[in-house]
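Asks: The structure follows.
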Amino acid sequence: MSMPATAHEVTAVHALESVWSRYVFSTDHKVIGLQYLFTGMAMALLGGFMAYVFRMQLAFPDQVVPLYGLVTAREYNALVTNHGSIMIFWVAMPVLIAGFGNFLIPLMIGCDDMVFPRLNRLSYQIFFVSAVIILISLVVPGGGFGGAWTAYPPLSASAQYNHTPWGAPLWLLAVALEFVAFLLGGINFTVTVMNARAPGMTAMRIPIVVWMIVIASLVFMASVGPLVAGAVMLLLDQTVGTRFYDPTAGGDPLLWQHLFWFFGHPEVYVVLLPATGIVAEIITVFARKKLFAYKTILGTSIATGIISFFVWAHHQFVAGIDPRMAHLFTITTLLISIPIAEMLFAFIATLYGGSIELATPMLWALAFIAEFLIGGVTGIFLGANATDIYLHDTYFVVAHFHYTFFPIGIIATFAAVTYWFPKMFGRRMNETLGKLHFWGTIIPFNLIFIPLFLTGAAGQHRRIYSYENFPQLSTPWLNQLAVLATLALIVMFVFQAVFLVNFFWSMRRGEKVGANPWNANTLEWSAPSPPPHGNFAAMPTVYRGPYEYGVPDRELDYWPQHVAS
Amino acid sequence: MSDAADVHTAHVPLATRRSTTGIPTARLAVWWVLASEIVIFGGLIGSYVMLRLHHPHWAEEAAHTNTIAGAFNTFVLLTSSLAAVLAHQAAEARDGRRAARFLGGTILGGLVFLVVKGFEWSHEIAHGFTIFRDVFWSYYYVACGLHGLHVIAGMIIMAIVAADARRGRNLHRVELIGIYWHFVDAVWIFLFPLFYIAK
Ligand code: HEM
Ligand SMILES: [Cu+2]
Numbered sequence: 371m372s373m374p375a376t377a378h379e380v381t382a383v384h385a386l387e388s389v390w391s392r393y394v395f396s397t398d399h400k401v402i403g404l405q406y407l408f409t410g411m412a413m414a415l416l417g418g419f420m421a422y423v424f425r426m427q428l429a430f431p432d433q434v435v436p437l438y439g440l441v442t443a444r445e446y447n448a449l450v451t452n453h454g455s456i457m458i459f460w461v462a463m464p465v466l467i468a469g470f471g472n473f474l475i476p477l478m479i480g481c482d483d484m485v486f487p488r489l490n491r492l493s494y495q496i497f498f499v500s501a502v503i504i505l506i507s508l509v510v511p512g513g514g515f516g517g518a519w520t521a522y523p524p525l526s527a528s529a530q531y532n533h534t535p536w537g538a539p540l541w542l543l544a545v546a547l548e549f550v551a552f553l554l555g556g557i558n559f560t561v562t563v564m565n566a567r568a569p570g571m572t573a574m575r576i577p578i579v580v581w582m583i584v585i586a587s588l589v590f591m592a593s594v595g596p597l598v599a600g601a602v603m604l605l606l607d608q609t610v611g612t613r614f615y616d617p618t619a620g621g622d623p624l625l626w627q628h629l630f631w632f633f634g635h636p637e638v639y640v641v642l643l644p645a646t647g648i649v650a651e652i653i654t655v656f657a658r659k660k661l662f663a664y665k666t667i668l669g670t671s672i673a674t675g676i677i678s679f680f681v682w683a684h685h686q687f688v689a690g691i692d693p694r695m696a697h698l699f700t701i702t703t704l705l706i707s708i709p710i711a712e713m714l715f716a717f718i719a720t721l722y723g724g725s726i727e728l729a730t731p732m733l734w735a736l737a738f739i740a741e742f743l744i745g746g747v748t749g750i751f752l753g754a755n756a757t758d759i760y761l762h763d764t765y766f767v768v769a770h771f772h773y774t775f776f777p778i779g780i781i782a783t784f785a786a787v788t789y790w791f792p793k794m795f796g797r798r799m800n801e802t803l804g805k806l807h808f809w810g811t812i813i814p815f816n817l818i819f820i821p822l823f824l825t826g827a828a829g830q831h832r833r834i835y836s837y838e839n840f841p842q843l844s845t846p847w848l849n850q851l852a853v854l855a856t857l858a859l860i861v862m863f864v865f866q867a868v869f870l871v872n873f874f875w876s877m878r879r880g881e882k883v884g885a886n887p888w889n890a891n892t893l894e895w896s897a898p899s900p901p902p903h904g905n906f907a908a909m910p911t912v913y914r915g916p917y918e919y920g921v922p923d924r925e926l927d928y929w930p931q932h933v934a935s
Numbered sequence: 012m013s014d015a016a017d018v019h020t021a022h023v024p025l026a027t028r029r030s031t032t033g034i035p036t037a038r039l040a041v042w043w044v045l046a047s048e049i050v051i052f053g054g055l056i057g058s059y060v061m062l063r064l065h066h067p068h069w070a071e072e073a074a075h076t077n078t079i080a081g082a083f084n085t086f087v088l089l090t091s092s093l094a095a096v097l098a099h100q101a102a103e104a105r106d107g108r109r110a111a112r113f114l115g116g117t118i119l120g121g122l123v124f125l126v127v128k129g130f131e132w133s134h135e136i137a138h139g140f141t142i143f144r145d146v147f148w149s150y151y152y153v154a155c156g157l158h159g160l161h162v163i164a165g166m167i168i169m170a171i172v173a174a175d176a177r178r179g180r181n182l183h184r185v186e187l188i189g190i191y192w193h194f195v196d197a198v199w200i201f202l203f204p205l206f207y208i209a210k
């Protein structure tokens, strides 16, 4: 039946177009921020599923894993590798830096968008392609890359060794594209904060989380370059057949370790800094107190960023480095814990004597401080070369870095999502479900990883797919700990459903709130919720720092940055 | 008629025109791009130097690179950078046509550079000095190749900028592409002694 296009059809087409331009090809920093957030959340489910599969294999060796099947040794390696890569490159970075960086920076410094909105969209698109490539790399002939997220040659350099003729190059290509996306994003963030601030937003009035995202972007930009060069060489080794990392031809596999960890260690701080920034914003709001020692925190984050470039070889204590070098890197590694500790002390001082409200975001922020502390303290054992030589590549290491990465990548993210949710969608998340989800995550988290400290200290080596093949590494007690960790993991996953329900239900049905439900000071709360494209009705002017809570002689216990008096 | 959707898509951010530091936004961005490029080439050149120190025999391999061709190319690149400076000067004087002509000169310089490089490579490959021969040659081809890609990218962007400048549009970009070209030049100033002179 052919009929002239009705007005109705025309509107439908128009609406369709605007859905595309509004949600898919938008240049609005908030939409791009949410795209990163949602992509990161989806990838977290995948990375988590991988953890479930290989933990099941460890607890119940060579039995069929529900929802997956039998796990072969090669699949096990691919799962561990891609779990790690995905969690760091496709979850922590996109959510913390790109997601919240995009969403928050223009709102918090008082402007309407990033200085390069189209570049911003391009960076998400490149990131998206990189995510698709890493997914493809899992299903090509030969399967996904299994050389660990550190991709040490010679294992990673030749399909002859790793048996993944497609998986390895695709993995590397995906990581490289992801780097390009974050380089573009980092340039955009840095220039935006330098040049697009609202009148009155001086350097010392910028909210700490914005500072930390900028410092993180700079650290990323400065550390990733050598690895890009190293990755080009590795890609050529894999595909063309050069032998940059082959000692029999004059190459050097240790070169890769240096290039990788020169990036890899600062990378921890690239994700750590935005996470601590988020926590700082939240504790000051929910303690109703001025952030303790703003300038010191800023100074310590810069110091952390700088020192992070001088610690990389602590990952190579067992790689046969000169003992004098090992001492040097032990010292720098222990040094870096000083600024980090200072930062945590400043947080505790902020809490001290505050009128603390234990809303869900605050619970997450406090949990961050507590759990990250465990990660930090156990890091001292690994940073000292003498103890690391024993603990290296045991489950102690796995437990240690999850006590740092889980707070960074997961706890801080939940803190941020529950805190800024009202700004994103104009509605509040449900508190009861929020607290249920909180306890359902935190308790199992500790039950997963405390056992792994024990198995590691007992000498159980990581990256082994079945301890049944290594009777000297397993005892009934260690097996029971593995079962405990795995069951706790399953409990934790079940509780993530609570979060998903809470999130999507509250998006549409949650309690409607005004622009500033937490009575916070920073500029994003002066924009409508959710802010329209362009953010502010009129460009704000800034009169004071972001943390004026409980100022004596003021009637209200907060004093927003944009309110003249 | 202006419905909500049109307003939505027509939004042009104020952020792109603000300048809190007083430095133009685009220039800041170019400097950051170069900073991140410096560390990429830094990693490559730094690791080459470290390995070279461990392998004195690479000097014999380096003896097979053509110093005269390299020196000629250095001269060509430096001259093309001069043309980029003159283009910038013309753009400052708001003479877009003149700026475009000088940029054309720079592009020509890039072209000559690549042609010479092409002859060098085909000659070397024909004599068995391929990328597989030795890690020295791997570095040679990768470092020069990466640099060459930067030359090609610069030429393409410069052609776009020149076409704009001829019509008097976006004259400030003439300076930006010039800054990039000086960087490409500077990288070559490192590659030339490392691969052609230190024998
Ligand atoms: C859901 C909770 C998680 C569990 C149960 C879990 C468990 C594990 C286990 C058992 C390993 C393997 C260790 C080995 O065999 O060497 C591993 C590796 C790893 N995980 Fe997790 N993980 C979780 C979440 C995360 C998060 C949130 C991150 C980072 C943001 C992360 C980053 C890594 C990294 C980098 C590796 C190393 C991979 C490699 O060696 O190639 N994990 N994880
Ligand atoms: Cu490290």
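In order, the protein sequence lines correspond to chains A and B.
The first sequence maps to residues 371 to 935 in the working numbering.
The second sequence maps to residues 12 to 210 in the working numbering.
We treat Cβ as the ideally placed atom computed from N, Cα and C, and that holds for glycine.
Small disclaimer: the values here were computed from a predicted structure and weren't measured.
1) According to DSSP, is H762 (chain A) part of a helix, a strand, or is it coil?
2) Would you say the beta carbon of G517 (chain A) is closer than 6 Å to some non-hydrogen atom of ligand 1?
3) Residues near ligand 2, CB to any non-hydrogen atom under 7 Å, in chain order?
4) With C-beta atoms as the reference, is S899 (chain A) less than 7 Å away from K805 (chain A)?
5) Ligand 1 heavy atoms versus the CB of F775 (chain A): any closer than 6 Å?
6) Please indicate yes or no: does the CB of T451 (chain A) lie closer than 6 Å to some heavy atom of ligand 4?
7) Give me the Cα-Cα distance between G115 (chain B) and N905 (chain A), rounded to the nearest whole angstrom.
8) For ligand 1, is there any heavy atom lying closer than 6 Å to the beta carbon of I504 (chain A)?
9) To the nearest angstrom, how far is the alpha carbon of A110 (chain B) from that of I676 (chain A)?
10) What are the residues in the region 774–796 of chain A lying within 8 Å of chain B by C-beta distance?
11) Who are the neighbours of R567 (chain A) on chain B, taking C-beta pairs under 7 Å?
12) Can you pull out the residues from the region 484–498 of chain A whose beta carbon lies closer than 9 Å to at least one beta carbon of chain B?
13) Which stretch, first to last residue, makes up the alpha helix (DSSP H) that contains D607 (chain A)?
14) According to DSSP, is V87 (chain B) helix, strand or coil?
15) Do P636 (chain A) and S671 (chain A) count as a contact pair if the criterion is CB distance below 7 Å?
16) What is the rounded straight-line gap between the Cα of K659 (chain A) and the Cα of T757 (chain A)?
17) Which of the three DSSP states, helix, strand or coil, is assigned to K660 (chain A)?
18) Can you list, in chain order, the residues of its chain with a C-beta nearer than 6 Å to that of E379 (chain A)? Leave out the 5 residues immediately preceding and following it.
19) Quick test of your reading: F680 (chain A) and T700 (chain A), contact by CB under 8 Å. State the CB separation rounded to the nearest angstrom.
20) Quick check on G595 (chain A) - is its C-beta less than 7 Å from some C-beta in chain B?
21) In three-state DSSP terms, what is R392 (chain A)?
22) Which residues in the same chain have their Cβ closer than 8 Å to the Cβ of L404 (chain A), if we skip the five residues on either side of it in sequence?
23) Excluding the 5 residues preceding and the 5 following D17 (chain B) in the sequence, name in chain order all residues of the same chain whose CB lies nearer than 7 Å to its CB.
24) Just checking: is the beta-carbon of T76 (chain B) within a distance shorter than 7 Å of some beta-carbon in chain A?
25) Do the CB positions of A527 (chain A) and V641 (chain A) come within less than 7 Å of each other?
26) Compute the Euclidean distance between the alpha carbons of W370 (chain A) and Y522 (chain A), then round it to the nearest angstrom.
27) Counting only C-beta atoms, is L553 (chain A) closer than 7 Å to chain B at any point?
28) Secondary structure at K400 (chain A), three-state DSSP: helix, strand or coil?
29) Over the uninterrupted alpha helix (DSSP H) stretch that includes Y531 (chain A), give me the two end residues.
30) Taking just the CA atoms, how far does T764 (chain A) sit from D771 (chain A)?
31) Distance, Cα to Cα, P623 (chain A) vs F614 (chain A)?
32) Measure the C-alpha to C-alpha separation of A619 (chain A) and V146 (chain B) and round it to an integer number of angstroms.
33) Please confirm whether L547 (chain A) has its beta-carbon closer than 7 Å to some beta-carbon of chain B.
34) Could you work out which residues of chain B lie near F614 (chain A), taking near to mean beta carbons separated by less than 7 Å?
35) Cβ of A689 (chain A) less than 7 Å from any chain B Cβ?
36) Name the chain A residues whose beta carbon is nearer than 7 Å to that of V50 (chain B)?
Replies: In this structure, then:
1) coil
2) no
3) A:W631, A:G634, A:H635, A:V638, A:V681, A:W682, A:H684, A:H685
4) no
5) yes
6) As for ligand 4, it is missing from this structure, which binds only ligand 1 and ligand 2.
7) 43 Å
8) no
9) 42 Å
10) none
11) T31
12) M484, V485, F486, P487, L489
13) 578–609
14) helix
15) no
16) 41 Å
17) coil
18) Residue placement at E379 (chain A) cannot be trusted, given a pLDDT of 49 that sits under 50; what the coordinates show is reported in the next sentence. Taken in chain order, the list of residues that qualify is empty.
19) Contact doesn't hold; Cβ gap of about 12 Å is too wide.
20) yes
21) helix
22) G469, F473, M794
23) Reliability of the predicted coordinates at D17 (chain B) is poor, the pLDDT of 39 falling under 50, and the value obtained from them is presented with this limitation in mind. Excluding positions up to five away in sequence, the list is empty.
24) no
25) no
26) Given a span of 371 to 935 for chain A in the structure shown, any question on residue 370 (chain A) remains unanswerable.
27) yes
28) helix
29) 529–532
30) For clarity, residue 771 (chain A) is Phe in the given sequence; the question names Asp instead. Going from the Cα of F771 (chain A) to the Cα of T764 (chain A) covers about 12 Å.
31) 8 Å
32) 7 Å
33) no
34) V146, S149
35) no
36) A592, G595, P596
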